[in-house]
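Residue numbers (the working numbering): 662 to 885.
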Ligand SMILES: Nc1ncnc2c1ncn2[C@@H]1O[C@H](COP(=O)(O)OP(=O)(O)OP(=O)(O)O)[C@@H](O)[C@H]1O
Ligand SMILES: [Mg+2]
């Protein structure tokens with residue numbers, strides 16, 4: 662486990678460097694505007710949203726920001742596995758708790774990595790999209806902003822689901838993750854179009870899984 666947490670395990674690797682550059686670029690791109698919440702989405706499954714989300718959270722925490730990862734993939738989210746923490750209650754359960762405002766802290770777990778907290782996905786609900794689109798979710802996002810310096814929402818792909826589009830309107834910045842040799846350019850363009858159509862503030866595209874030059878780097882992949 663925790664092998665995905667490259668910024669923690671191999672802080673000097675090229676990929677960790679790339680994640681820290683991403684953090685810095687996001688801070689510059691915000692240029693004084695509020696930057697407290699970031700959504701990671703993509704065109705298709707498996708491009709690296711969860712991998713980038715967890716590592717980006719570590720990078721913000723290393724900078725002294727109290728950081729929360731929210732696993733919004735209520736169907737298949739795996740952040741609790743990445744951090745090896747309990748998922749018996751999480752976002753899905755919190756969103757249906759009528760005492761959310763009082764109880765939310767009970768659902769957030771400390772990851773044992775300084776300043777990194779996780780709201781895991783919780784039990785798989787029958788209606789994930791409805792939960793994410795609910796007023797309760799909007800309310801929760803406002804509450805969390807008052808408690809944390811940075812909130813990273815690990816999302817789902819845009820294709821076929823409305824979840825990512827709904828969430829993108831509620832966060833300060835949205836990042837699109839794509840993967841070399843996996844993402845089709847047309848799918849990427851459609852994702853960008855769909856996000857801009859709902860007036861999401863798209864910070865940019867992370868190009869993930871670039872094969873490293875094996876002569877120079879021991880990493881299998883790095884990001885750009
Ligand atoms: N830069 C990278 N270097 C090495 N492995 C990576 C990298 N990015 C992602 N992976 C691996 O690729 C797989 C898919 O990544 P991940 O689960 O983060 O994708 P995802 O976009 O969140 O997928 P899903 O749509 O299913 O939620 C994982 O096994 C992850 O460890
Ligand atoms: Mg994921």
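In this text, a Cβ means the ideal position worked out from N, Cα and C, and glycines have one as well. In this text the structure is predicted, and so the values were computed from the model without any measurement.
### Query
Given a threshold of 16 other Cβ atoms within 10 Å of its Cβ, counted over all protein chains shown, does residue 689 qualify as buried or as exposed?
Residue mapping note: residue 689 aligns to position 28 of the chain shown, counting from 1. Counting other Cβ atoms within 10 Å of its Cβ, residue 689 stays below 16 and is therefore classed as exposed.
### Residues near residue 848 by beta carbon distance below 8 Å, same chain, minus five either side
Against the chain shown, residue 848 aligns to sequence position 187. The residues are 704, 705, 820.
### Query
Buried or exposed: residue 785, going by 16 or more other Cβ atoms within 10 Å of its Cβ?
Along the chain shown, read from residue 1 onward, the residue named residue 785 stands at position 124. Exposed, since its Cβ has fewer than 16 Cβ neighbours within 10 Å.
### Query
Between residue 861 and residue 671, what straight-line distance do the alpha-carbon atoms span, to the nearest angstrom?
Numbered from 1 along the chain shown, position 200 holds the residue referred to as residue 861. Numbered from 1 along the chain shown, position 10 holds the residue referred to as residue 671. Each residue's Cα considered, the two are about 33 Å apart.
### Status (buried if at least 16 other CB within 10 Å, exposed otherwise) for residue 876
One-based indexing of the chain shown puts residue 876 at position 215. Only weak support exists for where residue 876 lies, its pLDDT of 43 falling under 50; the coordinates are left without a value.
### Query
How would you call residue 693, buried or exposed, if buried means at least 16 neighbouring beta carbons within 10 angstroms?
On the chain shown, residue 693 is found 32 positions in, with the first residue counted as 1. Classification of residue 693: exposed, given that the 10 Å Cβ count is below 16.
### Message
Please tell me whether residue 863 and residue 839 are closer than 7 Å, where the distance is taken between their beta carbons.
### Response
Here the question's residue 863 lines up with position 202 in the chain shown. Here the question's residue 839 lines up with position 178 in the chain shown. Contact: no.
### Message
If you reduce the DSSP assignment to three classes, tell me which class residue 738 lands in.
### Response
In the chain shown, the residue the question calls residue 738 occupies position 77. Residue 738 falls in the coil class under three-state DSSP.
### Query
If you run the structure through DSSP and keep just helix, strand and coil, what is residue 758?
Locating residue 758 in the chain shown gives position 97, where the first residue counts as 1. Secondary structure at residue 758: coil, using DSSP grouped into helix, strand and coil.
### Message
So, with DSSP's three-state summary, where would you put residue 827?
### Response
Position 166 of the chain shown, counting from 1, holds the residue named residue 827. Residue 827 carries a helical assignment under DSSP once its states are collapsed to helix, strand and coil.
### Message
Under DSSP, the alpha helix (DSSP H) around residue 788 begins and ends at which residues?
### Response
Mapped onto the chain shown, residue 788 falls at position 127. For residue 788, no alpha helix (DSSP H) encloses it, and the DSSP letter there is neither H nor E.
### Message
Taking 6 Å as the cut-off, is the beta-carbon of residue 842 closer than that to any non-hydrogen atom of ligand 2?
### Response
For the purposes of this step, residue 842 is identified with residue 181 of the chain shown, where counting begins at 1. No; taking the cut-off as 6 Å, the Cβ of residue 842 has no heavy atom of ligand 2 nearer than that.
### Message
Can you list, in chain order, the residues of its chain with a C-beta nearer than 6 Å to that of residue 741? Leave out the 5 residues immediately preceding and following it.
### Response
The residue labelled residue 741 in the question sits at position 80 within the chain shown. 748, 781.
### Query
Between the C-alpha atoms of residue 735 and residue 873, what's the straight-line distance to the nearest angstrom?
Stepping through the chain shown from its first residue, residue 735 is reached at position 74. Stepping through the chain shown from its first residue, residue 873 is reached at position 212. When only Cα atoms are considered, residue 735 and residue 873 end up about 32 Å apart.
#### Entry: residue 774 versus residue 822: straight-line alpha-carbon distance, rounded
Counting from one through the chain shown, the residue named residue 774 turns up at place 113. Counting from one through the chain shown, the residue named residue 822 turns up at place 161. In this model, residue 774 and residue 822 are separated by some 32 Å (Cα to Cα).
### Query
Taking the Cβ atom as the reference point for each residue, do residue 783 and residue 753 lie within a distance shorter than 7 Å?
Within the chain shown, the letter at position 122 stands for residue 783. Within the chain shown, the letter at position 92 stands for residue 753. It is a contact, given that the beta carbons lie within the stated cut-off.
### Query
Does DSSP put residue 705 in a helix, a strand or coil?
Locating residue 705 in the chain shown gives position 44, where the first residue counts as 1. Residue 705: coil per DSSP, three-state reduction.
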